[in-house]
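Everything below concerns the one structure shown next.
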Amino acid sequence: MDQPEEESKSTKQDDEEALARQEEIKKSIEAKMALRQSNLNPERPDSTFLRTLDSSIKRNTAVIKKLKQINEEQREGLMDELRGVNLSKFVSEAVAAICEAKLRSSDIQAAVQVCSLLHQRYKDFSPSLTQGLLKVFFPGKSTDDLDADKHSKAMKKRSTLKLLLELYYVGVIEDGGIFINIIKDLTSVEHLKDRDTTQTNLTLLASFARQGRVFLGLPVSGQDEEFLKGLDITADQKKILRKAFNTYYDAAAETLQSEHKLLHQMEQENAKLLNAKGELSEESVSSYEKLRKSFDHLYRNISSLAEALDMQPPVMPEDGTTRLTTVEDASSSGPPKDISVTEAIWDDEDTKTFYECLPDLRAFVPAVLLGEVEPKANEQSAKAKDKSPESGSEAVESQLAAKETADVPVDSDHVADGSNAEKSKDKGETSSERATDTENEKGKEKDGDKKVENEKEKVKSLDGANLDALLQRLPGCVSRDLIDQLTVEFCYLNSKSSRKKLVRSLFNVPRTSLELLPYYSRMVATLATCMKDIPTMLVQMLEDEFNSLINKKDQMNIETKIRNIRFIGELCKFKIAPAGLVFSCLKACLDDFTHHNIDVACNLLETCGRFLYRSPETSIRMTNMLEILMRLKNVKNLDPRQSNLVENAYYLCKPPERSARIAKVRPPLHQYIRKLLFSDLDKSTIEHVLRQLRKLPWTECEQYILKCFMKVHKGKYGQIHLIASLTAGLSRYHDEFAVAVVDEVLEEIRVGLELNDYGAQQKRLAHMRFLGELYNYEHVDSSVIFETLYVILVFGHGTPEHEVLDPPEDFFRIRMVITLLETCGHYFDRGSSKKRLDRFLVHFQRYILSKGPLPLDVEFDLQDLFAILRPNMIRYMTIDEVNAAILELEEHDHAATEKTSLEKKHSYAEKGPGRPSSNVISANGQSTANGATENGEAHEDMGKSDSDSSTGSMGGDGRNEELDEGNHDRGSETDNGDDYDDGDGRATDDDDDDEFRVRQKIVTVDPEEQADFDQELKAVLQESMEQRKQELRGRPALNMTIPMNVFEGSGKDHHLGRVGESGDQVSDEESGEQKDVQVKVLVKRGNKQQMKQMFIPRDSSLIQSTKQKEAAELEEKQDIKRFVLEYNDRDEEEVNGLGTQTLNWTLGGSRGSARGGGNTWEGSGRSGGSRHRYYYHQGGGGSYHTRRK
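Structure below.
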């Protein structure tokens, strides 16, 4: 309800103001008409009346001097004095004083009132005034006029022309023909040759066309139409004036066109010079600026004249504006063909958006805060409102003055004196009242000023705190959105002092925070649209800093120099810093192409070199600069770092031309394989990829799949373990493929060591990671890993090619070892694998110390590796310390081998020479018969009975029988991949008696290792017992105890049956002749237990399920027993092979071989930690695999 009332009140006020304004205008027009009537029919006083007035020279001279300073404030007093003096003898002097007066636009009405008063008293005043005013336009050839200032002369003509028009309107001047002469003189075509005169004449003609529309026959507003009807202007006069205006306008438009062409030609010439020489002479710049200003001034004046004549302003090509820096096809000799000016300036859309799409502050911030002027329409309306009451008051005052002059009696002096006395009294009273009012107003104003000042101080303090907080946020603006938001927030704190603070903060960006420069430059470019002083101040400060740094010629403050030049380059990309400044900075560096100037020039080219090279305006000059740069590089003797800097900067700006790459055409099947491995493979799709690979025609594409598997370096580094997992999954169905993958990986590692190509380092690291992942999936054993590690350390050493294969400054082999151990080294944390890794790490430290000081990144990686694998291991600092440690290890191993050989001889002496060969234990811990079976004899007749594979027995403990049964169940398997001789003895093959004799060391078991084994075995047994207990708990409980005589039966009874799962005893005869099985059943009657016998058919479900459970339990026990024995055997083998490890192993192929059907890879290091086990799950669509610790 409040808003409509307020709107209605405001509309009422507007209507009232409009009505008041119209009334004032009407009154002013009426006053002008009355003044015109009085001037056309003046009632001049006679000579007797004039004699009564003061005609002294002193008084008249004083009044005439005041006529030279006519203004609105002194109008009333001056007119009073003119009424009291007799100027009959001083009319010429009064006219000269009025003609010499420097009138402003606001003083014209006061001059009209004064001239009207003089015209009504003195008959010869009007002709003299007309002639005097016309002399301003037709000065003749007097020296005074020739030496007068052109500007003041133009202003005098303008005010005089306005005065003439106003005097004509009020009837002081009756002849309108004088304007025809003035306009003819102003519209003379000869004046177009002089630019200054043309500009002055255009302003005068535009002023005349706006004020004297009636002379040109142009439509006039309704209120002025009644007043202008009474003017005596003939049609011929209007026609002459209109024709003169049109002719002059056409001639001026042609002059404007020719001047525009001349300006365009000069711009083209300047563009040629700028591209050729890089800079313009001061004379060219000054002439261009002069012509440009003249063109702009001429265009504005002609447009103003066209607007006054109700005509359309002339339309120039490019909207009447031209720019020096944007010249299209500046010269006929355009850029050479080899310069790719058609290339896009920006590399991608994001970069283009960052540098070109700036936020419009006017859409977010009010125009008042941006310091912009209000639109022109508002200005014009405000001016009209201001002028209308002024003109109305002036008209009222002139009307009152006319009435006062009309009411003055001619013959009564006393009345005049009385009226003067009354006026003087009234003036005194009003002056005293005004004085008291002004004093009160001054006191109130002082109090208000104090309040305003206090409020301003509070606002300033708050703004200062907000500005400081905003400037502190500047270093954190590291994105486009943040810097744009901060820019908008700054606009709300806009002031001259805050802009200076902002420029200082931007200029003082930290010298190491180069990443902030693009965002700071974006902020400056955004603010430059509304605040022109910010980019000007910043660019000037940067230019001064560059000049001071470049002139010092010292080798200090390189970071400050780089920050300065990069800031200039970023501002250039936003088109804030001119390209000429960048080229001048680059030229200064090239003139003294040494030391820090090389770095500064290269940083400048890296920042904005490509932008300037691809911009059409600066492409030629940048090409010349780049050629100079390369010539200096070839002439100067630069160090490798500086040479690389120059080349990188050059090719970054101007990349070398390359032929288009020809895409390799692959068959669809190969493309599908690459898509599966390099695009689709991830954790979620590995099952799908494995299923699809299995469906492929392997006879055709097995080699290509192997080739793709070996290109693990072309995929993601984090997905190498997925390739290893696929290898493990495919080995279940294609065992030869898994062996080929391992062979290829080892061969690639060997080739990398032989070539030592810098470009293949990424590939070599990927292969090391792949080998480690294959170990994690149990496809290679620990011996292969340690062989590879030792080969990396020793390959090429002691040969003439040592300096090429492993230079002292090359640390890449250290990275290879780190990569492999980081992948699978954490599994070597117990047993013999732990000892082997400890031994290797000592040798590895000797290799590291032989390289000298390490780079920081390699040293940090080594520290991380030792912290993960062996945090408590000693890091040796000198080569002597590590050599002493290795020597101590070798002595310890030698003593251990001697001790074991003595124990072996002692054991052989106790056993005697007559022991059967079947009781001799083989070197790898298994029976010799079993070894013979593995080494080839049993391959000929694998389908024979168990007796073929169990010809020997384990001496003393009888374990070999069950081990052979386990081996028979699993097929012809190798041992643990260690099928090489360990140096302790070699097996002898006797073809006659098929016996073997192997000398074996008596192994001494480490107490710690034995304790670990016992603890693990105890944990396994405990887990098995708890599992059995849980199974028993799940059965239905019996409330009766089984009699002991059931378990104490004869051997026959015992072999005929056993207690079933529910307390039944099942009779199971091996002969199979009986059809029924005897079962003993416990029955409880009261408190007494009885046992009865019953016979159940052999083919019943109870008997069959009982047999299946018995078989499963027996098989489980046999598997646990076999696993425990195999664990012990492998442990003993690794301990035996530990002391005979050599450092001349090669990687000719994989030492691991497939057991049984080639489904898994067993390694001698499996017991060393919790390795990832591979499990297969057969589903409806295929098989997938998982890793488990």
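My numbering numbers the first residue of the sequence shown as 3 and each following residue consecutively. Where a beta carbon is used, it is the ideal one built from N, C-alpha and C, also for glycine. Note that the structure is predicted; figures quoted are calculated from it, not measured.
By the beta-carbon neighbour count (other beta carbons within 10 angstroms, threshold 16), N203 is buried. Contact annotation: the stretch 164–177 touches the stretch 40–48, with at least three C-beta pairs closer than 8 Å. R53 carries a helical assignment under DSSP once its states are collapsed to helix, strand and coil.
A contact between stretches requires three or more CB pairs, one per stretch, nearer than 8 Å, and the stretch 81–98 meets this requirement with the stretch 53–64. A straight line joining the alpha-carbon of Q487 with that of L476 spans about 11 Å.
An exposed status is given to I664, since fewer than 16 other beta-carbon atoms sit within 10 Å of its beta-carbon. Taking a C-beta distance under 8 Å as the contact criterion, L167 and Q115 do not qualify as a contact pair. Counting only unbroken stretches of 3 or more residues, no beta strand (DSSP E) element lies wholly within the stretch 602–666. Put simply, of F595, I600, L588, E629 the residue whose alpha carbon is nearest the alpha carbon of C610 is L588. Around V819, the same chain offers L791, I794, F846 as residues with beta carbons nearer than 7 Å, after the five sequence neighbours per side are excluded. Annotation note: the stretch 858–900 contains the following uninterrupted alpha helix (DSSP H) runs of length 4 or greater, listed N- to C-terminal: 858–871.
About 15 Å separates the Cβ atoms of F680 and L708, ruling out a contact at the 8 Å cut-off. In this structure L843 is not in contact with V884, their Cβ atoms being roughly 10 Å apart against a cut-off of 8 Å. Counted as a single uninterrupted DSSP element, the stretch harbouring V370 is not any alpha helix (DSSP H), since DSSP gives it neither H nor E. In the three-state reduction of the DSSP assignment, Q1092 falls in the strand class. Where K1086 is concerned, there is no enclosing alpha helix (DSSP H), although the beta strand (DSSP E) around it starts and stops at 1078–1087.
I347 sits in coil when the DSSP states are folded into three classes, being neither helix nor strand. Membership of D198 in the alpha helix (DSSP H) is indicated by the continuous run 197–213. A direct Cα-Cα distance of roughly 7 Å separates K104 from Q71. Note that the C-beta distance between H299 and Q201 is below 8 Å. Membership of K502 in the alpha helix (DSSP H) is indicated by the continuous run 498–509. As a beta-bridge residue in DSSP terms, P1099 pairs with D1078.
If you check the CB distance, D1078 and I1098 come in under 8 Å. Across the set S108, E102, F51, the C-alpha of S108 shows the shortest separation from the C-alpha of Q76. Around the beta carbon of M712, a 10 Å sphere encloses 16 or more other beta carbons of the protein chains shown; the residue is thus reported as buried.
Burial state of L1127 is buried, judged by a 10 Å Cβ sphere holding 16 or more other Cβ atoms. DSSP places P537 in the uninterrupted alpha helix (DSSP H) bounded by 535–554. In the structure shown, the three-state DSSP call for V480 is coil. Around the beta carbon of R565, 16 or more other beta carbons lie within 10 angstroms, which makes this residue buried.
Note on M879: under 16 other CB atoms within 10 angstroms of its CB, so exposed under the neighbour-count rule. Apart from the 5 residues on each side of it in sequence, I110 sits with its Cβ closer than 8 Å to the Cβ of S161, K164, L165, E168 in its chain, given in chain order. Here K159 has V138, F139, T202, L206 as same chain residues with Cβ atoms under 8 Å from its own Cβ, once five neighbours each way along the sequence are excluded. Counting C-beta pairs with one atom in each stretch, the stretch 214–223 and the stretch 187–201 have fewer than three that are closer than 8 Å, which means they do not touch.
Buried is the label assigned to T625, since at least 16 other Cβ atoms lie within 10 Å of its Cβ. Residue environment for E780: buried (at least 16 other C-beta atoms within 10 angstroms of its C-beta). Looking at V796, E351, I876, K1082, the one whose alpha-carbon comes closest to that of M1096 is K1082.
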